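Residues in the sequence shown are numbered from 374 upward in steps of one, following our numbering.
One structure is given below, encoded as structure tokens.
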Amino acid sequence: MLESELKIQLSQFKLDAVILSYADANHYLAGGVDIKGNYHLLTNKHGETQTFNSLREAEVALAGLGVTAAIFEMQSAYDEMVASDTASTVRTKLHLVH
Numbered sequence: 374m375l376e377s378e379l380k381i382q383l384s385q386f387k388l389d390a391v392i393l394s395y396a397d398a399n400h401y402l403a404g405g406v407d408i409k410g411n412y413h414l415l416t417n418k419h420g421e422t423q424t425f426n427s428l429r430e431a432e433v434a435l436a437g438l439g440v441t442a443a444i445f446e447m448q449s450a451y452d453e454m455v456a457s458d459t460a461s462t463v464r465t466k467l468h469l470v471h
């Protein structure tokens, strides 16, 4: 989703701001999540998902769209490696200040 589209969706409270990460990954994704749990990630003008090199970079991108708080979600595959029944996802609310 382009920045302009995401900004509208976030301002109309149709999406909640989210930053996604995967344990041991070196990039972050930013966008929104709808009430059904579907992710709508920021894309560039070529339709490619934007990646951010740091959590701070993703925060700044969302703050530039008027977002003041976002859910930070980090997923891990380590539980799969030890045959755990539950997926390991950590969620926390970030207050975006710049």
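For each residue, glycine too, the CB sits at the ideal point set by N, CA and C.
Here the structure is a predicted model, which means the values were calculated and not measured.
Subject >> C-alpha distance - Gly420 paired with Tyr412, whole-angstrom precision >> reply: 15 Å
**OP:** Could you check how far apart the C-beta atoms of Leu393 and Glu432 are, in whole angstroms? I think they sit under 8 Å.
**Re:** The pair is not a contact, with the Cβ atoms about 13 Å apart (cut-off 8 Å).
Original post:
Using the rule of at least 16 other Cβ atoms within 10 Å of the residue's Cβ for burial, across every protein chain shown, is Ala403 buried or exposed?
Top reply: Buried, because 16 or more other Cβ atoms sit within 10 Å of the Cβ of Ala403.
Original post:
Who are the Cβ neighbours of Ala442 in its own chain at under 8 Å, not counting the five residues just before and after it?
Top reply: Ala390, Lys466, Leu467, His468, Leu469
**OP:** Would you identify the three-state DSSP class for Gln423, choosing helix, strand or coil?
**Re:** coil
Subject >> 8 Å contact criterion, which Glu376 and Leu414 should meet: CB distance rounded >> reply: Wrong, their Cβ atoms sit about 11 Å apart, outside the cutoff.
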